[in-house]
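Peer 1: Residue numbers (our numbering): 243 to 295. Please read through the structure below; I'll follow up with questions.
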Amino acid sequence: MNHIVAVRCSVIIRHCSHFISKLVLIIHKEHIHVIHYWIGNLVLEEFKTFSSF
């Protein structure tokens, strides 16, 4: 059980670092309202994914 939790945590951390690097690129390219819209959609998707576990 603990192994599964550890794997889950490492996956979440990897997703977060990937997300942050993507976000930095988007901030350089896009306007703030576009970023907010994108974050809103992504958070919604993440929430759906995690609540299904």
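Using N, Cα and C, we set each Cβ at its ideal position, and we do this for glycine too. Quick caveat: nothing in here was measured; it's all calculated off a predicted structure.
Out of curiosity, what's the CA-to-CA distance linking Ile-262 and Arg-256?
Peer 2: Here the question's residue 262 lines up with position 20 in the sequence shown. Here the question's residue 256 lines up with position 14 in the sequence shown. The straight-line gap from Cα to Cα measures roughly 10 angstroms.
Peer 1: Determine the direct distance from the alpha carbon of Leu-265 to that of Cys-302, and round the result to whole angstroms.
Peer 2: Since the displayed the chain opens at 243 and closes at 295, residue 302 lies outside it and no answer follows.
Peer 1: Hey, Trp-280 and Ile-268 are a contact pair by Cβ (cut 8 angstroms); roughly how many whole angstroms apart?
Peer 2: Reading the sequence shown from its first residue, position 38 is the one you call residue 280. Reading the sequence shown from its first residue, position 26 is the one you call residue 268. About 7 angstroms; that satisfies the 8 angstroms criterion.
Peer 1: Unbroken beta strand (DSSP E) runs of length 3 or more, entirely within the stretch 265–290: which are they?
Peer 2: none
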